[in-house]
Amino acid sequence: LTSIPKIKNAINASHALKITEKENFDLVISTLRIGEPGPFKLAEKIKQQSPETSFTLLFTESFDLKFLNNKHFDNVDNTFLW
2 LTSIPKIKNA INASHALKIT EKENFDLVIS TLRIGEPGPF KLAEKIKQQS PETSFTLLFT
62 ESFDLKFLNN KHFDNVDNTF LW
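Following this line, the structure appears as structure tokens:
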């Protein structure tokens with residue numbers, strides 16, 4: 002990296018969409034519980050806006066792993082269990 006990464010925080014999914022409509026991001030990290038439109042729809046909308054933006058879904062509980070078989074993972078680039 003040639004500069005320090007900048008980090009922005011969104012309070013929910015709709016706020017994240019507003020931010021990503023105004024600015025370009027290299028990476029978006031989301032958890033499952035972000036309100037509407039939910040992480041899979043958020044990933045889809047972000048990819049429509051900016052296909053080169055990487056979308057990572059962060060799992061905070063091991064039982065969340067059951068969602069790994071979800072058909073909506075098409076727009077999720079990475080998953081991570083914290």
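Read in order, the letters of the sequence shown correspond to residues 2 to 83 in this note's numbering. For each residue, glycine too, the CB sits at the ideal point set by N, CA and C.
Collapsing the DSSP output to three states places S15 in a helix.
Between the alpha carbons of I8 and A14 lies a distance of about 16 Å. Close CB contacts of F26 within its chain, under the 6 Å cut and outside five residues either way in sequence, are with T54 (chain order). Comparing alpha carbon positions, the residue from S63, L66, W83, P40 closest to N76 is P40. Only residues of its own chain outside the window of five on either side were considered, and among them T32, W83 have a CB closer than 7 Å to the CB of T61, listed in chain order. DSSP places I30 inside the beta strand (DSSP E), whose first and last residues are 28-32. In the three-state reduction of the DSSP assignment, L66 falls in the helix class, which pools H, G and I.
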